[in-house]
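Data first, discussion second: the structure below is written as structure tokens.
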Amino acid sequence: QTRSLLGVFEEDAAAISNYINQLFQAMHRIYDAQNELSAATHLTSKLLKEYEKQRFPLGGDDEVMTSTLQQFAKVIDELSSCHAVLSTQLADAMMFPITQFKERDLKEILTLKEVFQIASNDHDAAITRYSRLSKRKENEKIKAEVTEDVYTSRKKQHQTMMHYFCALNTLQYKKKISLLEPLLGYMQAQISFFKMGSENLTEQLEEFLTNIGTSVQNVRREMDCEVENMQQTIEDLEVASDPLYLPDPDPTKFPAHRNLTRKAGYLNARNKTGLVSSSWERQFYFTQGGNLMSQARGDVAGGLVMDIDNCSVMAVDCEDRRYCFQITSFDGKKSSILQAESKKDYEEWICTINNISKQIYLSENPEEIAARVNQSALEAVTPSPSFQQRHESMRPAVQSRPPAARTSSTGSLGSDSTALSALSLDSLVAPDTPIQFDIISPVSEDLPGQAKSSGQSGRRTNPFGESGGSKPETEDSILHQLFIVRFLGSMEVKSDESPDVVYETMRQILAARAIHNVFRMTESHLLVTCDCLKLIDPQTQVTRLRFPLPNVVLYATHQENKRLFGFVLRTSGGRVESRQTSICYIFESNNEGEKICDSVGLAKQIAFHAELDRKASEKQKEIDRVKEKQQKELNKQKQIEKDLEEQSRLIAASSRSNQSSTEGQFVVLSSSQSEDSDLGEDGKKKRESE
Numbered sequence: 001q002t003r004s005l006l007g008v009f010e011e012d013a014a015a016i017s018n019y020i021n022q023l024f025q026a027m028h029r030i031y032d033a034q035n036e037l038s039a040a041t042h043l044t045s046k047l048l049k050e051y052e053k054q055r056f057p058l059g060g061d062d063e064v065m066t067s068t069l070q071q072f073a074k075v076i077d078e079l080s081s082c083h084a085v086l087s088t089q090l091a092d093a094m095m096f097p098i099t100q101f102k103e104r105d106l107k108e109i110l111t112l113k114e115v116f117q118i119a120s121n122d123h124d125a126a127i128t129r130y131s132r133l134s135k136r137k138e139n140e141k142i143k144a145e146v147t148e149d150v151y152t153s154r155k156k157q158h159q160t161m162m163h164y165f166c167a168l169n170t171l172q173y174k175k176k177i178s179l180l181e182p183l184l185g186y187m188q189a190q191i192s193f194f195k196m197g198s199e200n201l202t203e204q205l206e207e208f209l210t211n212i213g214t215s216v217q218n219v220r221r222e223m224d225c226e227v228e229n230m231q232q233t234i235e236d237l238e239v240a241s242d243p244l245y246l247p248d249p250d251p252t253k254f255p256a257h258r259n260l261t262r263k264a265g266y267l268n269a270r271n272k273t274g275l276v277s278s279s280w281e282r283q284f285y286f287t288q289g290g291n292l293m294s295q296a297r298g299d300v301a302g303g304l305v306m307d308i309d310n311c312s313v314m315a316v317d318c319e320d321r322r323y324c325f326q327i328t329s330f331d332g333k334k335s336s337i338l339q340a341e342s343k344k345d346y347e348e349w350i351c352t353i354n355n356i357s358k359q360i361y362l363s364e365n366p367e368e369i370a371a372r373v374n375q376s377a378l379e380a381v382t383p384s385p386s387f388q389q390r391h392e393s394m395r396p397a398v399q400s401r402p403p404a405a406r407t408s409s410t411g412s413l414g415s416d417s418t419a420l421s422a423l424s425l426d427s428l429v430a431p432d433t434p435i436q437f438d439i440i441s442p443v444s445e446d447l448p449g450q451a452k453s454s455g456q457s458g459r460r461t462n463p464f465g466e467s468g469g470s471k472p473e474t475e476d477s478i479l480h481q482l483f484i485v486r487f488l489g490s491m492e493v494k495s496d497e498s499p500d501v502v503y504e505t506m507r508q509i510l511a512a513r514a515i516h517n518v519f520r521m522t523e524s525h526l527l528v529t530c531d532c533l534k535l536i537d538p539q540t541q542v543t544r545l546r547f548p549l550p551n552v553v554l555y556a557t558h559q560e561n562k563r564l565f566g567f568v569l570r571t572s573g574g575r576v577e578s579r580q581t582s583i584c585y586i587f588e589s590n591n592e593g594e595k596i597c598d599s600v601g602l603a604k605q606i607a608f609h610a611e612l613d614r615k616a617s618e619k620q621k622e623i624d625r626v627k628e629k630q631q632k633e634l635n636k637q638k639q640i641e642k643d644l645e646e647q648s649r650l651i652a653a654s655s656r657s658n659q660s661s662t663e664g665q666f667v668v669l670s671s672s673q674s675e676d677s678d679l680g681e682d683g684k685k686k687r688e689s690e
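Per UniProt numbering, numbering of the sequence shown is gapless, rising by one per residue and ending at 690.
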């Protein structure tokens, strides 16, 4: 707004300078050219008549000035035939005031403008050097020099700016004086010249000129009074603004406001210029309703950066810069990394965007509601003493009962629930349970109850099933769904039978984050398959955690904030050996909590039906094996019967053959015996020899 208003004043000064130059040239023609006195006077009158047609941005309602100049133009037109003997008087009474205004006042404006531009550039350069300071404690001398440079340049810019603004404000009064004094001197010279015989100069005109002279004196006194007031204001502002020149003020003297729903200020935005390179650009950012806007220097209006309704904001470690935070849109398709100037601005920006993302600004008293919400978060828990010792593990004490078990309930997180009136909080959450805010990768530490399988640690996983030489373990899975999630925390629970466990865990983790100002969240890709859930690093595609699907026994979304969801993992072993433990994991998604739960439910149904199909297939295979064995036995029995039948047939045929042979031998023997009895003894011997 200040830059835009300054542009209007500078435009007005340029218009004044243009008009004064034209008027000066006209009066100079009166002074220089005696022969052209009539034409020059006519031109002067013409220019005075055109004053009302000029479009001064700050002088549109000056009707008195316009009418006065019109009267002067009429008189000057009547005196256009006068001689140029008045040149000496005109030089003192007419040319001197307008020359002083042109050569001194207008040039002073231009000089102050250049000085202000130089001071502004020096301040921008100092801020850039300060923003590039390393967050490592390497050279305190360089840091002190850069801080002193910022202080000096900012003070110089502020002082130059105030004097420049004062000169621009004074120019409005000097404009009237520079227009009226030369005309007054001109008319007085004309009166003096035609004192004794001028018929055109009447008493009425003299009265008019006297009134104009009185008005000029009043304007001068008013200008002197205004200049004195502005000088006093400058001195007061210099004293009051001295602590604001420091780029990073003391947070104890200037605490951060966490209940804001509107914020404006300069931020450094990171812009990627290549695959690994990036640049930083300093722009003015401001919130407008549920939108984050930015406006570059010289722009007429701001432009939309992103819609921050239902967005997520978290602190990030960004290269070698401090006070960086990342804003991600509700659908996860757009994100922006910004750097604040100080820790106070850094915390205020994060809190303001977080309040806007909850749509608190739509209420009648947004700051009161934001304060009440933050106060409720502070009163919801009491921090554990171990949090100051270990900033990553805590268990806040519970002061309110968990919400109702129905997911369609309209109650807020942490509200009273009649369905759980018979249950105590100890039946849901294990006592002395720490809260884990960071994901511990299986590469560095084993998760309780999850043993690392061979080759699993540090292995890159492609979430879309496209692999190189090795076959991924989920290649044959029917379901592959990928979601962008941010890990909020996890803690051990005692029960895994009701969704109230998830609701209570959400309440405790969110309350702990609010009371301890834990803004950092780890973003991951959640891959849902038919056999497991995987948390994958979005940059390196390394599997951070793997949750077997049969061990996921419970999952639910928040009753009101559908971006929050969680699930309970049942594992073997825990703080007490030889028993099963349950750990509840809480995540924030991009408005897809119900979709993730539906995907997990679908995966479990697919896995259940696949298990039923596998058992039915094994049973069918067993039946087929039994039938095949019985068929083999039957075929073997038939073959044996066939062999026995063939053997019996062969035996019967052999018996008939032997019987026929015996009968033939008997007939031959009988005939031989009868022949032997006829041959006698000699014949028997011969027979025997044969």
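In this text, a Cβ means the ideal position worked out from N, Cα and C, and glycines have one as well.
- For D32 and V239, the gap between their C-alpha atoms comes out near 51 Å.
- If you compare the alpha carbons of M306, G302, D309, I337 with that of V316, the shortest gap goes to I337.
- Comparing alpha carbon positions, the residue from L110, L482, Q637, D537 closest to C597 is L482.
- According to the DSSP assignment, L338 belongs to the beta strand (DSSP E) that extends over 335-339.
- Looking from the CA of H525, the closest CA among I583, I536, A616, D12 belongs to I536.
- In this chain, M95 is not harboured by any alpha helix (DSSP H), its DSSP state being neither H nor E.
- A distance below 8 Å separates the beta carbons of K176 and M65.
- A straight line joining the alpha-carbon of L90 with that of E181 spans about 12 Å.
- Proximity of the segment 494-513 to the segment 542-559 meets the contact definition, three or more beta-carbon pairs being nearer than 8 Å.
- Note that the segment 326-335 touches the segment 300-314; at least 3 beta-carbon pairs, one per stretch, sit closer than 8 Å.
- Per DSSP, the continuous beta strand (DSSP E) segment holding S312 begins and ends at 312-315.
- In the DSSP annotation of this structure, H42 is not part of any beta strand (DSSP E); the continuous alpha helix (DSSP H) holding it starts and ends at 37-49.
- Secondary structure of H163 (DSSP, three-state): helix.
- A distance below 8 Å between beta-carbons, with the five flanking residues on each side excluded, links H28 to the following residues of its chain, in chain order: M95.
- Secondary-structure assignment with DSSP links W280 through a beta bridge to R270.
- The residue from K156, I76, F194, I16 with its alpha-carbon nearest to that of K107 is I16.
- Put simply, of P366, G489, L5 the residue whose alpha carbon is nearest the alpha carbon of L168 is L5.
- In the assembly as shown, C532 is a buried residue. Its beta-carbon has 16 or more other beta-carbons within 10 Å.
- Under the DSSP assignment, S524 falls in the beta strand (DSSP E) whose first and last residues are 522-528.
- If you look at E588, you'll find it in the beta strand (DSSP E) that goes 580-589.
- Taken through DSSP and simplified to helix, strand or coil, F437 comes out as coil.
- Where Q71 is concerned, there is no enclosing beta strand (DSSP E), although the alpha helix (DSSP H) around it starts and stops at 63-78.
- Our two residues, T543 and G566, have alpha carbons roughly 19 Å apart in a direct line.
- It is roughly 36 Å from the alpha-carbon of S278 to the alpha-carbon of E10.
- Ranked by Cα distance from Y266, the first of Q339, S241, I212 is Q339.
- Comparing C-alpha distances from Q1 to each of A264, E633, L205 shows the shortest one belongs to A264.
- Remark: C-beta atoms of R570 and N551 approach each other more closely than 8 Å.
- Taking C-beta atoms under 8 Å as the contact rule, V219 and Y173 qualify, at a distance of about 6 Å.
- Within the same chain, and ignoring the five residues on either side of P548 in sequence, the residues whose Cβ sits closer than 6 Å to its Cβ are C532.
- V150 is the residue among V150, L43, F165 whose C-alpha sits nearest the C-alpha of Y245.
- Residues of the same chain with a CB within less than 7 Å of the CB of A40, apart from the 5 flanking positions on each side, are A26, R29, I30, A33 in chain order.
- The distance from the Cβ of S241 to that of H158 is about 6 Å, consistent with a contact at the 8 Å cut-off.
- Boundaries of the alpha helix (DSSP H) harbouring R3: 2-32, taken from the DSSP string.
- The segment 597-607 and the segment 580-588 do not touch, with fewer than 3 CB-CB distances between them shorter than 8 Å.
- Cβ contact annotation for Y585 (same chain, cutoff 7 Å, sequence separation greater than five): S490, G566, F567, L569, in chain order.
- For A264, the three-state secondary structure derived from DSSP is strand.
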